[in-house]
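>
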């Protein structure tokens, strides 16, 4: 029986999940979604995502593909979206787009670009409304210095300094196409929201969180902006800053 | 012993609270804040807010005043902010500004304007990341029609149609100074965020939620924009639309 390939975009709150990838002893987003699709279709499903996200990391535009056999009654793309969401109702996971697509499409290998955003709430008081979807830094950061430091990371480099020891990529070489830091008013008392946006075709494990942790040292004026260049050139994780918390990170968009 | 009056601004997530106002058998934001201030100061405290918010309604800029006796050791405003927040750590409630102020200031009676924002996520898929701080409407709303309907509510009117039966205000007359509806991209798949901003010196109980519920009928094209005028002129709650859910509403700012 011939199957149809679907390209599906979803949003999730990563709190409470062991990350995207299915694991034997912990609940993953992948498992929740596979069970929801299995639930409405009565098929054994295995889905393939554009990229894994770590435990606690969010997504506004994760993409996966799945091959499904014909349903017992015909369903258009919108009906498939609603059917999966009905099974996801108890989870902070929601399908936001469903498209049928030709079988050459592969959610991981066809991706040409990914946009991640790291959100920092920069003010003395903790974030109360969005506590799980941002990182809190109480002391005012020097954004201009962070931008200076970020410039050294743009382009094609050996990113070993920003790579988790458990990273499974064959090569530490990556091309960072964009690393922008923008500041926005967050409340009416001077609090700021700082958004660090990173774009690349692919990233190393923990690469963005390690970059953000390093740039936060520059923001705290413990490091000079040019220390980021020195750290990069050391090609050694121990030369970099700490890993920023997972809850600030979000996979915003995957381009094909 | 002379006391000092403080003007304090705070943010809270209203989920899980019975609203702002202290109640005998349910946890309120007021109780949590009074206990936090009592905890660090060892004083019996009673606080007075700019306005009550309903159960489930959020605040980004609620304001209250409190009179405190001198502390055992001198503390500046920033130290007071940090001390209260240390006691609030287990709650989604955070002090974002503390100012000493003269005793003529009254958080409720000195307020000249309040800004509330109602957030609607308008797309087929449920909001997954911000599920508790917005209202979800799946069907695409006609924003232009909602704007047309909203115009009829601006100015000084008898708002009985939009007033909860349990409202304790002496008069149903209010002056609505602003009612703007703006639309913003929310995700990369065509989902929208609709923000309804309302400004007035004061509001009736459920006034904004009843206005939003009524405008949503216009957005769904069940009502014509001019039906909003007819409803207003009926001066009768039964002529209005439903009460929109609490979780979409947020007290953004109080002006003095």
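Chains as they are written, first to last, in this note's numbering: chain A, 1 to 256; chain B, 1001 to 1256.
We put the CB at the ideal spot given by N, CA and C, even for glycine.
1) What is the rounded straight-line gap between the Cα of residue 1170(B) and the Cα of residue 1190(B)?
2) Could you check the C-alpha separation between residue 1168(B) and residue 251(A) for me, to the nearest Å?
3) At 3 residues or longer, what runs of the beta strand (DSSP E) sit wholly inside the stretch 1035-1086 of chain B?
4) So what does DSSP say about residue 177(A), is it helix, strand or coil?
5) Between which residues of its own chain and residue 235(A) is the CB-CB distance below 7 Å, once the five residues before and five after are set aside?
6) When you compare only the Cα positions, how much space is there between residue 70(A) and residue 84(A)?
7) Can you tell me whether residue 1332(B) is buried or exposed? The criterion is at least 16 other CB atoms within 10 Å of its CB, across all chains shown.
8) Relative to chain A, which residues along the stretch 1084-1116 of chain B have a C-beta separation below 7 Å, given in chain order?
9) By Cβ distance, which residues of its chain are closer than 6 Å to residue 212(A), with the 5 residues on each side in sequence left out?
10) Taking contact to mean at least 3 C-beta pairs separated by less than 8 Å, is the stretch 1139-1149 of chain B in contact with the stretch 1207-1223 of chain B?
11) Could you work out which residues of chain A lie near residue 1124(B), taking near to mean beta carbons separated by less than 8 Å?
12) Which residues in the same chain as residue 205(A) place their Cβ atom closer than 6 Å to its Cβ, once the five residues preceding and following it in sequence are excluded?
13) List, in chain order, every chain B residue whose beta-carbon is nearer than 8 Å to that of residue 188(A).
14) If you run the structure through DSSP and keep just helix, strand and coil, what is residue 1128(B)?
15) Please report whether the beta-carbon of residue 1128(B) lies at a distance below 8 Å from any beta-carbon of chain A.
16) Looking at chain B, is there any beta carbon in it that lies within less than 8 Å of the beta carbon of residue 12(A)?
17) Quick one, are the C-beta atoms of residue 36(A) and residue 107(A) less than 8 Å apart?
18) Quick one: which chain A residues come within Cβ less than 7 Å of residue 1171(B)?
19) Do the stretch 1125-1132 of chain B and the stretch 1102-1116 of chain B meet, that is, are 3 or more Cβ pairs less than 8 Å apart?
20) Tell me whether residue 1138(B) is buried or exposed, calling it buried when 16 or more other Cβ atoms sit within 10 Å of its Cβ.
21) Have a look at residue 1004(B) and residue 1103(B) and give me their C-alpha separation to the nearest angstrom.
22) At which residues does the beta strand (DSSP E) containing residue 197(A) begin and terminate?
23) Would you mind sorting residue 1256(B) into buried or exposed? The rule is 16 or more other CB atoms within 10 Å of its CB.
24) Check each candidate in 174(A), 72(A), 192(A) and name the one with the smallest Cα separation from residue 181(A).
25) Using the beta-carbon of each residue, which ones in chain A are nearer than 9 Å to residue 1028(B)?
26) Quick one: what's got a C-beta closer than 8 Å to residue 1065(B)'s C-beta in the same chain, skipping five residues either side?
27) Give me the chain A residues within the contact set of residue 1133(B), using Cβ-Cβ distance strictly less than 9 Å, ordered along the chain.
28) Please compile the residues from chain B whose C-beta is within a distance smaller than 8 Å of the C-beta of residue 191(A).
29) Exposed or buried, what is residue 53(A) when buried is set at 16 or more other beta-carbons lying within 10 Å of its beta-carbon?
30) Could you tell me if residue 60(A) is buried or exposed, where buried requires 16 or more neighbouring beta carbons within 10 angstroms of its beta carbon?
31) Answer yes or no: do residue 32(A) and residue 88(A) have a C-beta to C-beta separation smaller than 8 Å?
32) Which whole-angstrom value describes the C-beta separation of residue 187(A) and residue 1034(B), a residue pair presumed to lie in contact below a C-beta threshold of 8 Å?
33) In angstroms, rounded to a whole number, what distance separates the CA positions of residue 56(A) and residue 228(A)?
34) Which residues in the same chain as residue 175(A) place their Cβ atom closer than 7 Å to its Cβ, once the five residues preceding and following it in sequence are excluded?
35) Taking the CB atoms as reference points, tell me whether residue 1248(B) and residue 1120(B) lie closer together than 8 Å.
In short:
1) Locating residue 1170(B) in the second chain gives position 170, where the first residue counts as 1. Locating residue 1190(B) in the second chain gives position 190, where the first residue counts as 1. Their Cα atoms are separated by approximately 45 Å.
2) Along the second chain, read from residue 1 onward, the residue named residue 1168(B) stands at position 168. Along the first chain, read from residue 1 onward, the residue named residue 251(A) stands at position 251. Answer to the nearest angstrom: the Cα atoms are 47 Å apart.
3) 1058-1068
4) Against the first chain, residue 177(A) aligns to sequence position 177. If DSSP states are grouped into helix, strand and coil, residue 177(A) belongs with the strands.
5) Counting from 1 along the first chain, the entry for residue 235(A) is found at position 235. These residues qualify, in order along the chain: 158, 160, 161.
6) Looking up residue 70(A) in the first chain gives position 70. Looking up residue 84(A) in the first chain gives position 84. Cα to Cα, residue 70(A) sits roughly 15 Å from residue 84(A).
7) In the structure as shown, chain B begins at 1001 and stops at 1256. Residue 1332(B) is therefore absent and cannot be evaluated.
8) 1085, 1092, 1093, 1094, 1095, 1096, 1097
9) The sequence position of residue 212(A) within the first chain is 212, counting from 1. Cβ within range, chain order: 118, 196, 244.
10) yes
11) For the purposes of this step, residue 1124(B) is taken as the residue at position 124 of the second chain. Neighbours of residue 1124(B) on chain A, chain order: 78, 81, 82, 85, 96.
12) Stepping through the first chain from its first residue, residue 205(A) is reached at position 205. The residues are 164, 167.
13) Your numbering for residue 188(A) matches position 188 in the first chain. Within chain B, the residues near residue 188(A) are 1009, 1060, 1061, 1252, 1253.
14) In the second chain, the residue the question calls residue 1128(B) occupies position 128. Coil at residue 1128(B), not helix or strand.
15) Here residue 1128(B) refers to the residue found at position 128 when the second chain is read from its first residue. Interface residue, yes.
16) Looking up residue 12(A) in the first chain gives position 12. At least one chain B Cβ lies under 8 Å of residue 12(A).
17) The residue labelled residue 36(A) in the question sits at position 36 within the first chain. The residue labelled residue 107(A) in the question sits at position 107 within the first chain. No; because the gap between Cβ atoms is not below 8 Å, this pair is not in contact.
18) Taking the second chain and counting its residues from 1, one reaches residue 1171(B) at position 171. Correct list: empty, because the minimum Cβ distance to chain A is about 29 Å.
19) no
20) Within the second chain, the letter at position 138 stands for residue 1138(B). So residue 1138(B) ends up on the exposed side.
21) Here residue 1004(B) refers to the residue found at position 4 of the second chain. Here residue 1103(B) refers to the residue found at position 103 of the second chain. Spanning the two alpha carbons is a distance of roughly 8 Å.
22) For the purposes of this step, residue 197(A) is taken as the residue at position 197 of the first chain. That run of the beta strand (DSSP E) goes 192-200.
23) Position 256 of the second chain, counting from 1, holds the residue named residue 1256(B). Exposed, because fewer than 16 other Cβ atoms sit within 10 Å of the Cβ of residue 1256(B).
24) Counting from 1 along the first chain, the entry for residue 181(A) is found at position 181. The option with the nearest alpha carbon to residue 181(A) is 192(A).
25) On the second chain, position 28 is the one that residue 1028(B) refers to. Within chain A, no residue comes near residue 1028(B); the closest Cβ sits about 15 Å away, beyond 9 Å.
26) Residue mapping note: residue 1065(B) aligns to position 65 of the second chain, counting from 1. Counting only Cβ-Cβ distances below 8 Å, and skipping sequence neighbours, we find 1005, 1006, 1007, 1008, 1047, 1048, 1101, 1105, 1106, 1107.
27) Start at 1 with the first residue of the second chain, and residue 1133(B) comes out as number 133. 129, 130, listed in chain order.
28) Here residue 191(A) refers to the residue found at position 191 of the first chain. Correct list: 1096.
29) Position 53 of the first chain, counted from the first residue, corresponds to residue 53(A). Buried, since its Cβ has 16 or more Cβ neighbours within 10 Å.
30) Along the first chain, one-based indexing puts residue 60(A) at 60. Flag for residue 60(A) reads buried.
31) Start at 1 with the first residue of the first chain, and residue 32(A) comes out as number 32. Start at 1 with the first residue of the first chain, and residue 88(A) comes out as number 88. Against a cut-off of 8 Å, the Cβ pair of residue 88(A) and residue 32(A) comes out as a contact.
32) Against the first chain, residue 187(A) aligns to sequence position 187. Against the second chain, residue 1034(B) aligns to sequence position 34. Not a contact, Cβ separation roughly 22 Å.
33) Here residue 56(A) is taken as the residue at index 56 of the first chain, counted from 1. Here residue 228(A) is taken as the residue at index 228 of the first chain, counted from 1. Those two C-alpha atoms are separated by around 26 Å.
34) In the first chain, counting from the first residue as 1, residue 175(A) sits at position 175. Within the same chain, residue 175(A) has close Cβ partners 155, 156, 200, 201.
35) Here residue 1248(B) refers to the residue found at position 248 when the second chain is read from its first residue. Here residue 1120(B) refers to the residue found at position 120 when the second chain is read from its first residue. In this structure, residue 1120(B) lies closer than 8 Å to residue 1248(B) by Cβ.
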